[in-house]
Amino acid sequence: MTASPSIHCRDLTLSYRRHPAVHHLTGTFAPGSFTAIVGPNGAGKSTLLKGIVGLVRPDGGTIEVTGARRSDIAYLPQQAALDRGFPMRVLDLAAMGLWRRTGPFRRIGAALLGEVEAALDAVGLSGFEDRMVGSLSGGQFQRALFARLLLQDARLILLDEPFAAIDARTADALLGLVGRWHGEGRTIIAVLHDFHAVRQHIPETLLIARDPIAWGPTSEVMTEANIARSRGLDEAFDTDAELCERPAA
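With the sequence shown counted from 1, adding 196 to any position gets you our numbering.
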């Protein structure tokens, strides 16, 4: 694998639907790092991922992704944002991860079909190839999405609450898979709510409450003082504010 991507945020301010979401964030997601983004609900975590992938444009400051083309980036939004009503087999959903190599309309030959089946087996969905996506449980659907990620073979992976609303067994299995990706040198950023999982498994953490609270080694960031500060900022935030009024650094 070639050099891992990095992401540089410089005095970054983002808004979502004209409401402030991320204020004046400066820092770097280092090449090959595995970082959790945590904080109160509505604190800008998902908006930051959307900013990195280019779905939300900065109101101020910059985001610079180095060492990765757009095709090197895999983004998995929250399950609630995904439409499961479209009639599609599990095999077809997973095979979408091959589009980087095949394009969206090429037929899958025997060799590529073997890769898709291997990816489904790796996430515990062997035998589910012909099941319709709409018939899957939440955990099974997330496993299928992770099979698609496996086939994308991206070097920068952005995950928005990847373990929410799924069973503990599935969460543990998928967390192990993400850990293996990190071991391969990929740069991974995940929005998470489970503080215990973050402390146990994620080396780096960014704690935000619209304003950045702390960013660095998880053991130094996830302190009771920092968490209390994030809650205090969240409670004091003006939800009717339209723009960030604090001047740039």
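By construction, the Cβ of each residue, glycine as well, lies at the ideal position given by its N, Cα and C atoms.
Item, Value
"Determine the extent of the alpha helix (DSSP H) in which Arg395 is found, giving its start and end residues.", "391-397"
"Which residues bound the beta strand (DSSP E) around Val218?", "215-225"
"Using a 10 Å radius around the Cβ and a threshold of 16 neighbouring Cβ atoms, would you call Leu208 buried or exposed?", "buried"
"Per DSSP, what kind of secondary structure is Ser333 in: helix, strand or coil?", "coil"
"So, Ser267 versus Val387, is the Cβ gap smaller than 8 Å?", "no"
"Let me make sure I understand the geometry here. Which of His219, Arg406, Ile304, Ala270 has the alpha-carbon closest to that of Gly196?", "What the structure shows of the chain is the stretch from 197 to 445, and residue 196 is not part of that stretch, so it cannot be assessed."
"Would Ala306 and Ala343 be called neighbours here (beta carbons separated by less than 8 Å)?", "no"
"Should His397 and Glu357 be called a contact, given that it needs their Cβ atoms to be closer than 8 Å?", "no"
"What does a CB cutoff of less than 6 Å around Ala405 pick up in its chain, not counting 5 residues either side in sequence?", "Gly235, Pro236, Ala239, Ser426, Leu429, Asp430"
"Mind checking Glu380: buried by the 16 CB within 10 Å criterion, or exposed?", "exposed"
"Using the C-alpha atoms, what's the distance from Gly228 back to Leu281?", "In the sequence on display, residue 281 carries Gly and not Leu. Going from the Cα of Gly281 to the Cα of Gly228 covers about 36 Å."
"For Gly257, is the classification buried or exposed, using 16 other Cβ atoms within 10 angstroms of its Cβ as the cut-off for buried?", "buried"
"Give, in chain order, every unbroken run of the beta strand (DSSP E) that is at least 3 residues long and sits entirely within the stretch 248-285.", "256-262, 269-272"
"For Thr414, does the count of other Cβ atoms within 10 angstroms reach 16, so buried, or fall short, so exposed?", "buried"
"Alpha carbons only, please: which of Gly330, Arg395, Thr298, Met418 is nearest the one belonging to Gln275?", "Gly330"
"Under the DSSP definition of a beta bridge, which residues are partnered with Ala405?", "Asp407"
"Are the beta-carbon atoms belonging to Ala290 and Leu347 less than 8 Å from one another?", "yes"
"To test your reading of the DSSP string, which unbroken beta strand (DSSP E) runs of 3 or more residues are found completely within the stretch 308-358?", "352-356"
"Please list, in chain order, all residues of the same chain as Gly293 whose beta carbon is under 6 Å from its beta carbon, the five residues on each side excluded.", "Arg344, Leu347, Gln348"
"Determine the DSSP secondary structure at Ala386, reduced to helix, strand or coil.", "strand"
"Secondary structure at Ser426, three-state DSSP: helix, strand or coil?", "helix"
"What's the C-alpha gap between Arg213 and Gly310?", "43 Å"
"If you run the structure through DSSP and keep just helix, strand and coil, what is Asn200?", "Residue identity check: residue 200 is Ser in the sequence provided, not Asn. Coil at Ser200, not helix or strand."
"So, helix, strand or coil for Gly228, using DSSP?", "coil"
"Would you say Ser200 and Arg395 are within 8 Å of each other, going by their C-beta atoms?", "no"
"Given that a residue counts as buried once 16 or more other Cβ atoms are within 10 Å of its Cβ, and exposed if not, what is Pro216?", "buried"
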